[in-house]
Amino acid sequence: MTAHADSKLSYLTSTRTISSWLLTLDHKRIGILYLLTITVFFAIGGIAASMIRLELATPVGDFLQSETYNKTFTLHGVMMIFFFLIPSIPAVLGNFLVPLMIGARDLAFPRLNLFSWYLLIVGASFTVWAVLWGGVDTGWTFYVPYSSVYSNTLVMPAAMGIFITGFSSILTGLNFIVTIHRMRAPGLTWFRLPLFIWAIYATSLLQVLATPVVAVTILLVFMERFMGFAIFDPKNGGDPVLFQHLFWFYSHPAVYIMILPGMGVIPEIIACFSRKRPFGYEFIGFSSFAIAIYGTVVWGHHMFVAGQSAYAATVFSLLSYLVALPSAVKVFNWTATMHKGQISFETPMLYALGFIGLFTIGGLTGLFLGSPGLDVHMHDTYFVVAHFHYVMVGGMVMAYLGGIHFWWPKITGRMYPDGWARLSAILIFVGFNFTFFPQFILGYLGMPRRYHVYEEPFQVLNVMSSAGASVLALGYAFPLTYLLWSLKYGAVAPANPWGAKGLEWTVPSPPTTMNFDTIPIVTEEAYNYEESPFEGPLAPEKVPSHTVALPHASH
Amino acid sequence: MVDQGFSWFPEQASSFAAHVDYLYFFLIVISTLVALGILVFVVYFSVKYRRGSAADRTVSHNHMVHMAIEVTWIAIPFFILMGVFVWSAAIFYELETPPVDAMEVAVIGKQWMWKFQHPSGRREINELHVPLGRSVKLKMISEDVIHDVYVPAFRMKHDVLPGQFTYEWFRATQPGEYYLFCAEYCGTDHSLMKGRVFVLDPGEYEEWLKTTAPQDPPAVAGGKLFDSHSCANCHKDPGVEAKGPSLVGLFGKRVKLDGGRTQVADEAYLRESILRPATKVVAGYKPIMPPSEGLVSEEELNDLIAYLKSLGGPGESEAKP
Numbered sequence: 001m002t003a004h005a006d007s008k009l010s011y012l013t014s015t016r017t018i019s020s021w022l023l024t025l026d027h028k029r030i031g032i033l034y035l036l037t038i039t040v041f042f043a044i045g046g047i048a049a050s051m052i053r054l055e056l057a058t059p060v061g062d063f064l065q066s067e068t069y070n071k072t073f074t075l076h077g078v079m080m081i082f083f084f085l086i087p088s089i090p091a092v093l094g095n096f097l098v099p100l101m102i103g104a105r106d107l108a109f110p111r112l113n114l115f116s117w118y119l120l121i122v123g124a125s126f127t128v129w130a131v132l133w134g135g136v137d138t139g140w141t142f143y144v145p146y147s148s149v150y151s152n153t154l155v156m157p158a159a160m161g162i163f164i165t166g167f168s169s170i171l172t173g174l175n176f177i178v179t180i181h182r183m184r185a186p187g188l189t190w191f192r193l194p195l196f197i198w199a200i201y202a203t204s205l206l207q208v209l210a211t212p213v214v215a216v217t218i219l220l221v222f223m224e225r226f227m228g229f230a231i232f233d234p235k236n237g238g239d240p241v242l243f244q245h246l247f248w249f250y251s252h253p254a255v256y257i258m259i260l261p262g263m264g265v266i267p268e269i270i271a272c273f274s275r276k277r278p279f280g281y282e283f284i285g286f287s288s289f290a291i292a293i294y295g296t297v298v299w300g301h302h303m304f305v306a307g308q309s310a311y312a313a314t315v316f317s318l319l320s321y322l323v324a325l326p327s328a329v330k331v332f333n334w335t336a337t338m339h340k341g342q343i344s345f346e347t348p349m350l351y352a353l354g355f356i357g358l359f360t361i362g363g364l365t366g367l368f369l370g371s372p373g374l375d376v377h378m379h380d381t382y383f384v385v386a387h388f389h390y391v392m393v394g395g396m397v398m399a400y401l402g403g404i405h406f407w408w409p410k411i412t413g414r415m416y417p418d419g420w421a422r423l424s425a426i427l428i429f430v431g432f433n434f435t436f437f438p439q440f441i442l443g444y445l446g447m448p449r450r451y452h453v454y455e456e457p458f459q460v461l462n463v464m465s466s467a468g469a470s471v472l473a474l475g476y477a478f479p480l481t482y483l484l485w486s487l488k489y490g491a492v493a494p495a496n497p498w499g500a501k502g503l504e505w506t507v508p509s510p511p512t513t514m515n516f517d518t519i520p521i522v523t524e525e526a527y528n529y530e531e532s533p534f535e536g537p538l539a540p541e542k543v544p545s546h547t548v549a550l551p552h553a554s555h
Numbered sequence: 556m557v558d559q560g561f562s563w564f565p566e567q568a569s570s571f572a573a574h575v576d577y578l579y580f581f582l583i584v585i586s587t588l589v590a591l592g593i594l595v596f597v598v599y600f601s602v603k604y605r606r607g608s609a610a611d612r613t614v615s616h617n618h619m620v621h622m623a624i625e626v627t628w629i630a631i632p633f634f635i636l637m638g639v640f641v642w643s644a645a646i647f648y649e650l651e652t653p654p655v656d657a658m659e660v661a662v663i664g665k666q667w668m669w670k671f672q673h674p675s676g677r678r679e680i681n682e683l684h685v686p687l688g689r690s691v692k693l694k695m696i697s698e699d700v701i702h703d704v705y706v707p708a709f710r711m712k713h714d715v716l717p718g719q720f721t722y723e724w725f726r727a728t729q730p731g732e733y734y735l736f737c738a739e740y741c742g743t744d745h746s747l748m749k750g751r752v753f754v755l756d757p758g759e760y761e762e763w764l765k766t767t768a769p770q771d772p773p774a775v776a777g778g779k780l781f782d783s784h785s786c787a788n789c790h791k792d793p794g795v796e797a798k799g800p801s802l803v804g805l806f807g808k809r810v811k812l813d814g815g816r817t818q819v820a821d822e823a824y825l826r827e828s829i830l831r832p833a834t835k836v837v838a839g840y841k842p843i844m845p846p847s848e849g850l851v852s853e854e855e856l857n858d859l860i861a862y863l864k865s866l867g868g869p870g871e872s873e874a875k876p
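Chains W and E, in that order, are what the protein sequence lines are. Note that this note's numbering numbers the first sequence so that position 80 is 80, with each residue one more than the last. Heads up: take any position in the second sequence, counting from 1, add 555, and you land on this note's numbering.
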C-alpha cells in the first residue's frame with residue numbers, strides 16, 4: 001500500500017475513526033457495514049436452526065416446550081429471510097461491486113445508500129427485540145387470523161421492523177437501478193455488462209415494485225389489530241385468504257429477490273475459473289428478467305389447498321411451470337460455459353459447482369410442488385421445507401459464500417488459506433445434503449412442517465437430518481474463523497489474484513476511496529477471456545498503481 | 556398404517572393415492588435424468604478441460620449453432636413441462652371433485668382438536684370412522700384460526716377456514732388405521748392437533764354407528780332448532796303471506812336479491828344469511844331479521860343448514876319437510 005500516493009489510499013484505512021465508518025458515504029464501506037450486520041443476523045438465525053434440529057432429534061418435546069419451539073422457528077425464518085437472505089448479495093456484494101464493475105466512483109445516491117443501512121438497523125432493532133425478548137409465534141408467514149387476532153405474542157413490533165426494513169430494500173433497489181442506468185463508464189454498453197449487473201438490475205426491479213405490497217399488507221394487519229377495521233377477520237366479514245394473496249404477492253417475488261443475485265454471482269465465478277466467456281450471455285441475462293417478470297404472477301402456487309378456486313390454481317400452476325424455463329436455461333448455459341475452458345478449482349469455483357448441483361435439485365423439486373395434483377399431498381410438509389432450503393441455502397448461501405470468497409481479496413486486500421476454504425466448501429456441501437435430503441423423504445411420508453412433536457416412524461430421517469446439520473454448522477464456523485484470521489495474517493492480495501476479467505480487477509486490492517483515478521473507457525465486453533488469454537495471477541508490483549488501464553491494455 | 560415402523564414411502568389407502576404416486580415417480584425419473592445429465596457434463600468438462608490439459612479447445616463461434624443449442628434446451632423442457640402440467644391438472648380436478656353420491660361428514664376444527672359428525676348424527680372427536688369403498692366428502696369449517704385436514708395415506712389435504720366452508724373427499728380402499736394431521740400452523744399445540752382415521756368394512760361401520768345412544772341426524776336436529784328459534788314465524792310454506800321468504804325448495808335455487816343481483820342458494824349463502832342476514836336480502840323483503848353472528852355455534856349452523864337442505868331444492872319444492 002505504501003506504493004500509493006496519499007490521495008490514493010485504500011478505502012479501508014484512509015480514515016480510521018468510528019464516525020468515519022458510521023457516517024461514510026463510500027459504497028464499499030457501506031457494503032462492509034451490511035456484511036457485519038447480516039453476519040450477526042445469520043448467526044442468530046443459525047443458532048435458532050440448531051435448536052430446532054436439536055429438538056427434532058427425538059419425536060417428543062423434550063428440549064424445547066411447544067411455545068418456545070414455535071417462537072424459535074419463527075425467529076429462524078424471520079431473521080434468515082428478511083434480515084439475511086434479502087439483503088445478503090444485493091446489499092453486501094451489490095453495494096461493493098456495482099460501482100466498481102461499471103466504472104463509477106460511487107452509487108448514484110450515496111446518502112440514500114447510508115440511510116438504507118440505517119433503516120435496516122432501525123427495522124432490525126424492532127424485530128430482533130421482538131423475536132428475542134418475548135418472541136413471536138406466528139411463523140415468518142404471519143397468516144391471519146392467527147397473527148391478527150389469536151396470537152398473544154409480539155406480532156406487531158416484529159412486523160413493524162419488517163415494514164421499516166422493507167424501505168431499506170426499496171431504496172437500495174432504486175439506487176442500483178439509477179446507478180446502472182446513469183453511471184456506466186463510457187463504452188460500457190448493456191451487452192458488455194457483467195451478468196452480475198444484469199441480475200442485480202432485475203432484482204432491484206422486484207425490490208422496488210413488490211416490497212410496497214408487503215408494507216401495505218402489514219399496515220392492513222395493523223389497522224385490523226388496533227383500529228378494528230374488518231379486513232381479514234371472518235367474524236367481521238373479512239377474508240383470511242385475502243391476506244395470503246397479498247402476502248405471497250410480495251413473498252413469492254421475494255424468493256426471486258433472494259435467488260436472482262446468487263444467479264448473478266455464479267456466471268462471474270464460472271467464467272473466471274473456466275477462462276471462458278459465459279455460454280449464451282444474452283440468454284443468461286434475459287432469463288433474469290424473465291424470472292423477475294414471471295415471478296410476479298405465480299404467487300397462487302402457495303395456495304393450492306388454501307381455498308382459492310380450482311381454475312385459479314390451474315392458471316398459477318401453468319405460470320409456475322413457465323418460470324421454471326429461464327432457471328433451466330441458466331443452469332444449462334453455466335454448465336456449457338465450462339466446455340473447452342481452462343478449468344481450475346479454487347474455493348469460489350467449488351462453491352459455484354456446489355450451487356449448480358444443489359440449485360438443480362431445488363429447482364427440480366419445485367416442479368413437484370408446482371403441480372397442484374402432487375402439491376395437495378406435499379403442501380406444508382417437510383418436502384416443501386427441503387425444497388426451499390435447497391434453493392435458499394443450497395443455492396443462495398452457496399452463491400453468497402462463493403461470492404465472498406471470490407471478491408474477498410478485493411474487499412480486504414488479503415488472501416485466505418485456500419486449503420481450509422476448500423475443505424469448508426466441501427463440508428458445507430456434504431453437511432447440507434445430509435441435513436436436507438432426508439426431509440424430501442419425510443415430506444412425502446407425510447410429516448407436516450412446524451411440528452414440535454412428531455410420530456415415531458419419522459424419527460430415523462429426523463436423526464439423519466439433525467446429524468447432517470451439525471456437519472453443516474461446523475462448515476459455516478470455518479469461514480468465519482479463517483476469514484477473520486486472514487485480515488491480519490493472510491497474504492497480501494494482488495489486484496487480480498484469480499486472473500479475472502472485469503473492471504473491479506483493474507484497480508488495487510483493496511480499492512482506493514475513489515475507485516478509479518480516471519474513469520475508464522471500455523472497449524470490450526466483460527468476459528474477453530478468449531481473445532486475451534490469461535496466464536497466471538499478476539504479482540502485486542505488476543499492477544499499475546496509479547493509472548487505471550483499459551481492461552485489455554495491460555497485455 | 557399407524558403401527559408400522561420406519562418406512563420410505565407412505566401406504567396407498569385411497570382411490571386416487573396411486574394416481575398421485577404415478578406422477579410422483581414420473582417426476583422423480585425426469586428429475587434424476589436431468590440432474591444426472593448435468594452432473595455428467597460438469598464432471599466430464601471438469602476432467603477433460605482442467606487447466607493445462609491437452610484437450611482440443613478450438614471454439615466454434617457459429618451463431619446458428621449456438622442458437623440451435625439454446626432453442627433445443629428451451630423447447631424440450633417446455634414440452635415436458637406442459638405434459639406434466641396437463642397430467643397434474645387432471646389429477647387435481649379428480650381430487651377437487653367429490654362424487655355427487657358421497658357421504659357427507661361435517662368437520663369442525665378448533666385450537667387444538669377435531670370434531671366430526673356423521674350423517675346418522677353420531678359425533679366423535681379426533682377420531683374419524685369411515686366405511687371402506689364409500690366416497691366420503693368432508694364439509695369443513697374452523698371455529699378460530701386456519702387449520703388443515705391432512706391424511707397422508709389418502710394423499711388428501713385441504714385448509715379449514717373460519718367463516719367459510721371448504722370441502723375435500725376420499726374413497727378409502729384399504730381397511731386400517733391412518734394418521735390425520737393438522738397441516739396448517741395454528742398456534743401453540745399445532746403438532747398435537749391430530750387424530751386417526753379408521754377405515755372399517757361397511758358392515759362394521761354400521762355396527763360402530765350403533766355403539767352409542769342414537770343421536771338426531773343433523774337435519775332433524777336442525778328442524779328442532781328451527782322450531783325453538785321460532786324461525787317459522789317469518790319463514791312459512793310457499794304461497795303463505797309472511798315477513799320472510801319461504802325456505803322450502805330453496806337449496807341450490809337462484810335467488811333474486813334486493814337491488815337486482817341474483818345468488819345461488821348454496822351452503823355459503825345459507826350460512827351468511829343466518830349469521831348476517833342484512834348482507835344479501837331477498838328481493839321484496841325488508842332487512843328485519845336479526846343477525847345471529849356469535850349466537851349460534853358451528854354445530855348448530857351445520858344442523859340448520861342440513862335442515863334447510865332437507866326442505867328440497869329447485870323442482871322438488873312440493874316435497875314437504
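We put the CB at the ideal spot given by N, CA and C, even for glycine.
Applying a beta-carbon distance threshold of less than 9 angstroms, which residues of chain E neighbour residue i?
{"i": "W/P438", "result": "By Cβ distance, chain E contributes nothing, its closest Cβ being about 11 angstroms from W/P438, past 9 angstroms."}
Any idea if residue i is buried or exposed, counting beta-carbon neighbours within 10 angstroms, 16 or more meaning buried?
{"i": "E/T766", "result": "exposed"}
{"i": "W/I102", "result": "buried"}
{"i": "E/G849", "result": "exposed"}
{"i": "E/M622", "result": "exposed"}
{"i": "E/M619", "result": "exposed"}
{"i": "W/T37", "result": "buried"}
{"i": "W/M79", "result": "buried"}
{"i": "E/P845", "result": "exposed"}
Ends of the beta strand (DSSP E) at residue i?
{"i": "E/P686", "result": "682-686"}
{"i": "W/H252", "result": "Where W/H252 is concerned, there is no enclosing beta strand (DSSP E), although the alpha helix (DSSP H) it sits in stretches over 240-274."}
{"i": "W/K410", "result": "W/K410 -> not in any beta strand (DSSP E); alpha helix (DSSP H) instead, spanning 398-412."}
Using three-state DSSP, classify residue i as helix, strand or coil.
{"i": "W/W140", "result": "coil"}
{"i": "W/S125", "result": "helix"}
{"i": "W/Y375", "result": "In the sequence under discussion, the amino acid at residue 375 of chain W is Asp, which differs from the Tyr named in the question. Looking at W/D375 - three-state DSSP - the assignment turns out to be helix."}
{"i": "E/S872", "result": "With a pLDDT of 44 at E/S872, under the threshold of 50, the modelled position of this residue cannot be trusted; read the value that follows with caution. E/S872 falls in the coil class under three-state DSSP."}
{"i": "W/F534", "result": "The predicted position of W/F534 is uncertain, since its pLDDT is 48 and thus under 50; a value taken from the coordinates is nonetheless stated next. Reduced to three states, the DSSP call for W/F534 is coil."}
{"i": "E/M711", "result": "strand"}
{"i": "W/K28", "result": "helix"}
{"i": "E/S697", "result": "strand"}
{"i": "E/L859", "result": "helix"}
{"i": "E/A727", "result": "strand"}
Can you pull the chain W neighbours of residue i, defined as C-beta to C-beta under 7 angstroms?
{"i": "E/L582", "result": "L367, F368"}
Following the continuous alpha helix (DSSP H) through residue i, name the residue where it begins and the one where it ends.
{"i": "W/K330", "result": "310-337"}
{"i": "E/I583", "result": "572-603"}
{"i": "W/S204", "result": "195-227"}
{"i": "W/Y489", "result": "459-489"}
{"i": "E/Q818", "result": "Per DSSP, E/Q818 belongs to no alpha helix (DSSP H); it is in the beta strand (DSSP E), 817-819."}
{"i": "W/H452", "result": "Unbroken run through W/H452: none, as it is neither H nor E."}
Beta-carbon of residue i versus every beta-carbon of chain B: anything under 8 angstroms?
{"i": "W/G237", "result": "Among the protein chains in the structure shown, which are W and E, there is no chain B."}
What residues from chain E crowd round residue i, counting only those whose CB sits closer than 7 angstroms?
{"i": "W/A312", "result": "What W/A312 touches in chain E: nothing, since even the nearest Cβ is about 12 angstroms away."}
{"i": "W/L318", "result": "F640"}
Along chain W, which residues have their Cβ under 8 angstroms away from the Cβ of residue i?
{"i": "E/K712", "result": "V305, V376, H377, H379, D380"}
{"i": "E/T743", "result": "S66, E67, N70, D137"}
Would you call the CB atoms of residue i and residue j closer than 8 angstroms?
{"i": "W/L563", "j": "W/L114", "result": "Since the displayed chain W opens at 1 and closes at 555, residue 563 of chain W lies outside it and no answer follows."}
{"i": "W/L120", "j": "W/S168", "result": "yes"}
Can you pull the chain W neighbours of residue i, defined as C-beta to C-beta under 9 angstroms?
{"i": "E/Q719", "result": "P234, D239, P240, V241, G307"}
Looking at the ligand SAM, does it come within less than 7 angstroms of residue i, judged from the CB to the closest heavy atom?
{"i": "W/L219", "result": "Absence of the ligand SAM from the depicted structure is noted, as is the absence of any ligand whatsoever, leaving it without description."}
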